[in-house]
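Worksheet for the structure shown next.
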């Protein structure tokens, strides 16, 4: 008896499946017609990477190597250097988008909010070397998702102002102070 | 009135001269000791008298001297500590201004016991007057032959100098004081080696509080039993200088038997609380002791008595608070003091105390949160794992504030302001 | 006589050419149809870029396949590797030689049968050729020198052996009823009543077995993409890959034609001309195959073997016995 | 031996071991900031708290301050201890800035590690962060006080361990500040170590500032070759550039630290002018082509002038492989053996020293730390081998007496007895001390020769003030239980190494234990002395060139223009050559003159071996594969986007491989062919020099293999009756010129470092007050000094810590001192003028 | 430079002491009295006298409370901020001083007379609130008393050597 029941159930299932597909056949497709229609992407969708700037227009990247360290496909490389005023910056900064998997770990690791993923994903081209982006290609003139943040205002090193003048800092200790 | 031993020559507004001191029996003990007693015998007398160190820890002075090994190398040093910076304490100053020769004789006797060749009186800069007095009187004692080579014909030679400090609370700590004398930063140093083995310039060094030493001549002269009899309680001996300050009618330094009840000290000797004031709490032994509430008002003020109510005698400086004083504010003031005076050597003290200060400041200024209280508790408990006794002492007022006066703290937090400020 | 023979030959060539062109075109557009249908069943558009409604897609595919580099793996058995796709394509085309797609037309006084050749053992010819076509797969899989291809080839061979038997057996009742191996005869035997009504069991058995023979979902284990890459044709590219593909889609049409011939009465039908009926029936079958593909998942290998040996063969045998008894009884 | 239990694991340790060390041996790393195995415990940071559950100590205590004792049961995971440690981290992080991304310590920061490990993630402190202003601490060390966690390591290293007094703690409490009194270069030549020991980023490496993260560096164990001690180092390379160098712990050589010369001397390997291509005259060619050309020329000369017409110079800075291959090369070709030393005297001194250093006498630097009496003869540790001074200071801290007999104004970072005597008087002064401290019976026990040595050695030093000081020193030496003699080889006379060895033997006979420690001039002087068989010298080669018997000269990593005393003569000799072939990695003067030039690899690019002055065979791995640094190729911009197989500028090869290739081309048929395998070379070395036979040629780096020639076979007391009597017998009208080393500016490789160039002091001439007053010269006057071939102009320094009758001058990079005909140089007094 | 009469007794004391470093605080105080505060120059002088490095002097000078590394006035008012004085009106004393002298803690008056430095308990708790001016203690303080003290000091003292 069980076998027949199973058989019956099996056949019904097959038929149900057939019915379902047949039903969908009559539906209107849901596909969007790209590129005629470009669906607006959420701001947090992950595609091409940019390097943003501070509110005061300086490049945010301090070449701390955290993004390159965290990158699972090793597509980020850079060379840090010291600017004349002591600011740390990437002498060159390279992302190989031919390797990038747009996982966004670099953005998460970035302590200065410099590296950010944007919704722009249209980068395909015929020359693979064109997918190797240098700093000039990556730098943008805005702060990206957060226009306010300035790393050096919180870092505790003297860069955008003297020591003790930044957020949540006390005046520098006066070594020779007579006060107890 | 109780018998005055240390203050027997205390005159209002005047310093006792060497003659006055001699008239009262001064330098007899030294003469007796040099002529009749060996250092061991003097040491034994002090051990018998159970002379507890008056600097705060209460370690028997005789035992400390004993820890200088017989075959310890020479030269040996003796340091007399007049670096009292404990808020509420001023007995050393009173002593130096009352009877400097008693200090000198006590120091010489102690030097005799440990065969030291040089004594150093370490004076804080606020007591420049005391330092000048002592320097002058040391010269007088030298001229009188109580100091120098082969004192009074014996083969004991002893020099005494006054060393001025640059002024830091931590210099009162024994090992830190030794470092300070050596011209180094006054950081405490944990044994081994003990300073009685390797102290000043790596030589055996004994360091005593001045109030401990002034008792020595009297013990030598009158014997251990007499000294023990001076105290009110069995466990202790001798008299104690109690400095009473705060909201009392007659703040001052009073020589009373060890173990005099707190109520008696405040109400009889210090003239009771100011009109309109009511006893709320007191610190029984300076800043690094616990608040003592009304429930312990009758405690016997000696090392044992205060230990029983989980407190410390410390320097015996009674600071009296009345009901109009904000204890959170007082604690904040104390912690402020400790934060500033920490030597900065170990982490809990250097960084932990500012953390505690910050939390207390927020509570006092209406920015407190209930969750600060467990943080304060934990941090105060951890203060006991710091390098020296400074941080544990600093944590005591905070811990006792949280334990004995929790309502006051909660009131600060719930009202978002200090209830004592209008 | 000679002229007759020459004329007949010319007609045959013309017929062959027409059939071949139609067949290839249909096969090519079948790809388009399948993709379009699959797309719609998945709520997508399917190909719609090359030409209107993507109608030029087959052409685009063809161009792409032809221009694509024809790679041969370094360690492959080159001769066999190159031969294998040809076998598949050729066998599929050969089968169509015996499939009748109409009753015949009269042109310039000549009666031209709408079948390339009406073999009197057409059915056996079909069975034979369909068995050979698996050589293409097995050889291609083996010659590629790739473990995926080899597995795919082995699976194809095993699957063919397992399902050849029930397929053959399921046609025995048909032959018993039509009393002929000729496909034309079989068609004609159904002029009144298609065999599907008298032999539903045979029909189902044949459908299942034939699905397995042409390796279509749910029986596409030889190329199981997610296990074997693409199975026997993993290593193929360009037009050689195209030949495998072509073979598959021609086979689909053949299967449709065979089912139409064996069970649906071939070109017989009321009102409409016979060729239309035939195409309609083939179309329905082909649509069903695509529909199945869009609906059913691939079965497991053990299920495949179980079904073939333990279910289909016994049922087919039983069906022969019952049919035989009934035929004897009624005649 | 106390036995204790830590986290359930039992361990037995020596008495006096701290619990934190015992745990480390079990693999349990207790957090620490202030504790450093090189500096010992201090108990300031309190982060090493553990719970003592049973035993003599109870409760939560600091594991660094507690001696391991019997019966202790320790828990490192105890809740209260862990909570306390977490609090300590929280306290330390209260004021720590948020600047890890721009901090060079990020990635190898102890504070970072422990913050993560301790689980402190959320900031509870609401107050403001303390800040400090930073100081300029010189070329090497970057200061960033905000990051300080007041662990006191820097001050303890700087003041207590190293003995320099210009960096310390200022202010008090939570304002404690570590720095100098005023901005300025740190005075200590060991200042770089505070970078290594700082647990966070207060002191960071300035030259490598912002160049990369630890995880990106190719790091490997290597050796320092900027003096003969052979300290162990860790290299960090990135993008084909050596970026940074750190100390590597070594049990027997350098401990935990290295000097600044070692730390910042490596920049020669990145030098922008470093020759990277082979050259024929000025034309750059491929290496193979150059080898072919060289082979042709060599064959020509050999055919024309015979095999002895080509001379080879090796150098003491070259590795064992290069030195050995050069010798093998010459032997196979039938040429004269290569030369490694400038003068015959130098060769003899070094060879004597190597011959006299036997297994029992030789001491390592670690053993020097344990000595209770150190007698340095003709040695200036801070300048010649800085780490030795640090080892001596540790002995000093353990209450050792330290005596230096040297004419130069020796400075050491601790109190020591300096007996400034002229080079001629070094030996009598030494023997006088030894004779004062060793009874004749000790010599008697050692046999006749020892006795003869004892008897003929001068027993008294004639100069009265020094003699008086020697009384006390002799007394100390008499009481010592472990005396060590340190003997320099640069300014001493030929016989001094022997006298020092004999003295050490006598001391050992008398005291039961004694050590001998030679200082040599370069990293592989010991190796050169071991390998070279003849006592030829550059001087001889130059003479042969002048005579015309030598037509070709091959230099293997050698620049005689630096070290040869007579520059003009050498230049003329080189100009006469038919073939001048140079292999080197330095843009040296010789390299510029070369007819044929081959680029070779530096220590950092090849696997090499060196023998330090103690006879310790040490191995170095390659740090990177060579080639022009990316930063130099791209001029700071991004690297080129090209695919290529070879390394740009990576043509350099180990000199010994170039030699092997060259030999294989010029070799006549039937002669031995050289393999390019290092193992093959080493088996040749082991075969030819049995002393190396027990050196394992392994992939690991053995640290404790020593080779020593003298194993009882060497003739002891060879100086017998002819010890220099010395003793003020010199004429008064001349001064002897002594050329010493300076920490920075003398050693060849490190002079190519642009960072060390910045801290070089300007060379000057030292003179004793006595001589100066006779000449009427004043301190800091500019004077001219007459030499054999010209005059030198420099500043005069009058110092009272040097021997009279001697003037001292550094062999300095900035000083063209090579105007000397012959050593020793006597300068007529009247010739020194303003 | 230091005058001979100042230098000589110091050098004599140093020569007499076994461990000259013991005198470092005394020397610093002496130089401080001479210069008014322990100037950078004084630090170097002290270092020279004691054969120490300026850093070693600085380590101590910045450690101690009563060594002034910055210029101070003729009178340094150490106002006790110990708990007893705090309880008895430290705030009002300090505020009165601020108002009267027009300076904040650590600052020196324009005329160079006074510097206010809050200080840990000076040991005059029986006279609280108290303050210490150039080693001399005053207490218990009231605004009137303070005025009196300051006026007297200002009138009696010689004009300050160095106005700010």
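Residue numbers (the numbering used here), protein chains in the order written: chain H, 89 to 268; chain Y, 43 to 464; chain D, 2 to 332; chain B, 12 to 845; chain E, 5 to 168.
Backbone N, C-alpha and C fix where the C-beta goes; we use that ideal spot for every residue, glycine too.
Here the structure is a predicted model, which is why all the values come from computation and not from measurement.
With its beta carbon less than 9 Å from one in chain B, residue 252 of chain H belongs to the interface. At a C-beta separation below 9 Å, residue 137 of chain B has these neighbours in chain Y: 400, 401, 404 and 409.
Here residue 55 of chain E is exposed. Its C-beta has fewer than 16 other C-beta atoms within 10 Å. Straight-line measurement puts the Cα of residue 217 of chain Y at about 11 Å from the Cα of residue 234 of chain Y. For residue 390 of chain Y, the closest Cβ of chain B is nearer than 9 Å. For residue 62 of chain E, the residues of chain B that pass the 7 Å Cβ criterion are 181 and 192, in the order they occur in the chain. Annotation for residue 305 of chain B: 592, 607 and 673 place their beta carbon closer than 7 Å to its own, counting only its chain and skipping 5 residues before and after. Under a criterion of Cβ atoms nearer than 7 Å, the residues of chain E adjacent to residue 177 of chain B are, in order, 57 and 59. Along the stretch 133–180 of chain Y, the alpha helix (DSSP H) occurs as fully enclosed runs of 4 or more residues at 133–140 and 142–155, listed in sequence order. Contact annotation for residue 169 of chain Y against chain E: 127 [CB-CB distance below 7 Å, chain order]. Sixteen is the threshold: since fewer than 16 other Cβ atoms of the shown chains lie within 10 Å of the Cβ of residue 704 of chain B, the residue is exposed.
Excluding the 5 residues flanking it on each side, residue 59 of chain D has same chain C-beta neighbours closer than 7 Å at 29, 30, 32 and 33, in chain order. For residue 259 of chain H, the closest Cβ of chain E is not nearer than 9 Å. Under the Cβ criterion of 9 Å, residue 111 of chain B is counted among the residues facing chain H. Between residue 332 of chain B and residue 620 of chain B, the C-beta spacing is below 9 Å. For the stretch 295–314 of chain D, residues whose beta-carbon sits nearer than 7 Å to a beta-carbon of chain H comprise 295, 296 and 297.
With the criterion set as a beta carbon lying under 8 Å from some beta carbon of chain D, the members of the stretch 90–109 of chain H are 102, 105, 106, 108 and 109, in sequence order. Counting only runs that start and end inside the stretch 738–822 of chain B, the beta strand (DSSP E) elements of at least 3 residues fall at 745–751, 775–778, 793–798, 801–809 and 817–821. Between the stretch 107–121 of chain Y and the stretch 182–197 of chain Y there are fewer than three C-beta pairs closer than 8 Å, too few to call the two in contact. Boundaries of the beta strand (DSSP E) harbouring residue 135 of chain E: 135–137, taken from the DSSP string. Inter-residue distance for residue 455 of chain Y and residue 438 of chain Y is about 21 Å (C-alpha atoms, whole angstroms).
Scanning chain B for C-beta atoms nearer than 7 Å to the C-beta of residue 127 of chain Y yields nothing, as the closest lies near 14 Å away.
Residue 85 of chain Y sits in a helix when the DSSP states are folded into three classes. Taking the CA atoms as reference points, residue 794 of chain B sits about 19 Å from residue 420 of chain B. DSSP places residue 129 of chain E in the helix class (H, G or I) of the three-state scheme. The DSSP assignment places 216–223 as complete runs of the alpha helix (DSSP H) inside the stretch 180–244 of chain Y, in order along the chain (cut-off: 4 residues).
Only those residues of the stretch 269–295 of chain D whose C-beta falls short of 7 Å from the nearest C-beta of chain H are listed: 292 and 295. Only those residues of the stretch 135–149 of chain E whose C-beta falls short of 8 Å from the nearest C-beta of chain Y are listed: 136, 139, 140 and 141.
Using a CB distance cut-off of 9 Å, residue 66 of chain E counts as an interface residue toward chain B. The C-alpha of residue 22 of chain E is placed about 13 Å away from the C-alpha of residue 28 of chain E.
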